[in-house]
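A.B. asks: Residue numbering for the sequence shown follows this note's numbering, beginning at 179 and increasing consecutively.
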Amino acid sequence: MLKKLKSILLQKSQSLYPKWDISVALRYLPIAREIKHTFSSKPSILEIGSGEYGILPYLGKGYQVTGVDVDFGNASQKNMKMIKFSGEKLPFPAKSFSVVICVDTLEHVDEATRKHMIDEMVRVSRSQIYLAYPRGKAAFMSDRLLFRYYNFTHKQQSNYLNEHAHYGLPSDKNISSYIHESLLRHSRTASISCFGNTNFLLWLFMLMLGFSENAWLTSVYKILPLVSPLLSKINFPPAYRAIWILKFQ
179 MLKKLKSILL
189 QKSQSLYPKW
199 DISVALRYLP
209 IAREIKHTFS
219 SKPSILEIGS
229 GEYGILPYLG
239 KGYQVTGVDV
249 DFGNASQKNM
259 KMIKFSGEKL
269 PFPAKSFSVV
279 ICVDTLEHVD
289 EATRKHMIDE
299 MVRVSRSQIY
309 LAYPRGKAAF
319 MSDRLLFRYY
329 NFTHKQQSNY
339 LNEHAHYGLP
349 SDKNISSYIH
359 ESLLRHSRTA
369 SISCFGNTNF
379 LLWLFMLMLG
389 FSENAWLTSV
399 YKILPLVSPL
409 LSKINFPPAY
419 RAIWILKFQ
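(1) Where does Lys-400 land, buried or exposed, given buried means 16+ other C-beta within 10 angstroms?
(2) With a threshold of 16 other CB atoms inside 10 Å of the CB of Met-319, please say whether the residue is buried or exposed.
(3) Looking at Leu-380: is its Cβ nearer than 7 Å to the Cβ of Ile-200?
(4) Considering only the alpha carbon of each residue, which of Leu-284, Ser-303, Asn-257 lies closest to Pro-269?
(5) Any contact between the segment 280 to 297 and the segment 305 to 325? By contact I mean 3 or more CB pairs, one from each, below 8 Å.
(6) Using 10 angstroms around the beta-carbon of Met-179, count the other beta-carbons present and answer buried if the total reaches 16, otherwise exposed.
(7) Over the uninterrupted alpha helix (DSSP H) stretch that includes Val-287, give me the two end residues.
(8) Taking 7 Å as the threshold (C-beta atoms), are Asn-352 and Asn-413 in contact?
(9) What is the residue span of the alpha helix (DSSP H) that Asp-282 lies within?
(10) Which value, in whole angstroms, describes the spacing of the CA atoms of Tyr-345 and Asn-337?
(11) Tell me, please, which residues DSSP counts as bridged to Arg-419.
(12) If you draw a straight line from the alpha carbon of His-294 to that of Pro-271, how long is it in whole angstroms?
(13) Which runs of the alpha helix (DSSP H) at least 4 residues long sit entirely within the segment 203 to 274? Give them in chain order.
(14) Write down the C-beta distance between Ser-222 and Ile-296 rounded to the nearest angstrom, noting that I regard them as a contact closer than 8 Å.
(15) I need the straight-line Cα distance from His-358 to Glu-298, nearest angstrom please.
(16) In this structure, how does DSSP classify Gln-192 when only helix, strand and coil are distinguished?
Here it is as structure tokens:
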């Protein structure tokens, strides 16, 4: 009975939410909602550090995204223009895109690169910027626990958690400073907001399911998109991640 129910729920989740990963979805859903609410027509979108999917699965049909990353794996998406890039200056003129997105990328580069990336985002964005990254003590503790858990379940280290530890998590103070410096440098003004995303206990719960290597637990993880409308509201502090929104004036 339980096996049949699991199979039904998995099929429904994959049918309703193709290419979704719940831990990725919770990062993108508030950004996708804001884009849909703000723009009456589909805007031009650049995503820095997009990987092969980025925000596309969470925006819905009809959106086109230009993705910039050092590597995209083997997959290609018909609605994403993939540009491999590891240089310093983005290969686009100023104000090329209505929306620029950078989600969970800053924690994988050093502090100087973070500052430069934000400056480039301000340069190439015409209307809005969405910037997200893990931050604070709760995220740091979560990463340490998940690092040990992943080592236990996989018998090897997690590359992305290794990079979190190596580079350190971004601080809101530094990010705020970089944003304001870039706005001044490019003679631009913007309304700026910042809010927490995904309570750290929920984050721990989800990743422990996903990292478990247990068939039943990973099945539960894959079913979670069915309750994403509820999970996306669990953002009370301490949150694992910060999301910044810049709207140019």
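Heads up, the beta-carbon is just placed ideally off N, CA and C, and yes, glycines get one too.
C.D. replies: The structure says:
(1) It is buried - the Cβ of Lys-400 has at least 16 other Cβ atoms within 10 Å.
(2) Met-319 should be labelled exposed.
(3) No, these two residues do not count as a Cβ contact at 7 Å.
(4) From the listed residues Leu-284, Ser-303, Asn-257, the smallest Cα separation to Pro-269 is found for Ser-303.
(5) Because the criterion of three Cβ pairs below 8 Å is met, the segment 280 to 297 and the segment 305 to 325 touch.
(6) Its Cβ having fewer than 16 others within 10 Å, Met-179 is exposed.
(7) If you look at Val-287, you'll find it isn't in any alpha helix (DSSP H); DSSP assigns it neither H nor E.
(8) Contact annotation: Asn-413 and Asn-352 have beta-carbon atoms that are not nearer than 7 Å.
(9) Boundaries for Asp-282: no alpha helix (DSSP H) harbours it, and the DSSP string shows neither H nor E there.
(10) Cα atoms of Tyr-345 and Asn-337: separation of roughly 12 Å, rounded to the nearest angstrom.
(11) Paired residues: Pro-312, Asn-375.
(12) Answer to the nearest angstrom: the Cα atoms are 16 Å apart.
(13) For the segment 203 to 274, whole alpha helix (DSSP H) runs of length 4 or above, ordered along the chain, are 234 to 237.
(14) So it is not a contact: roughly 20 Å between Cβ atoms.
(15) When only Cα atoms are considered, His-358 and Glu-298 end up about 13 Å apart.
(16) Secondary structure of Gln-192 (DSSP, three-state): helix.
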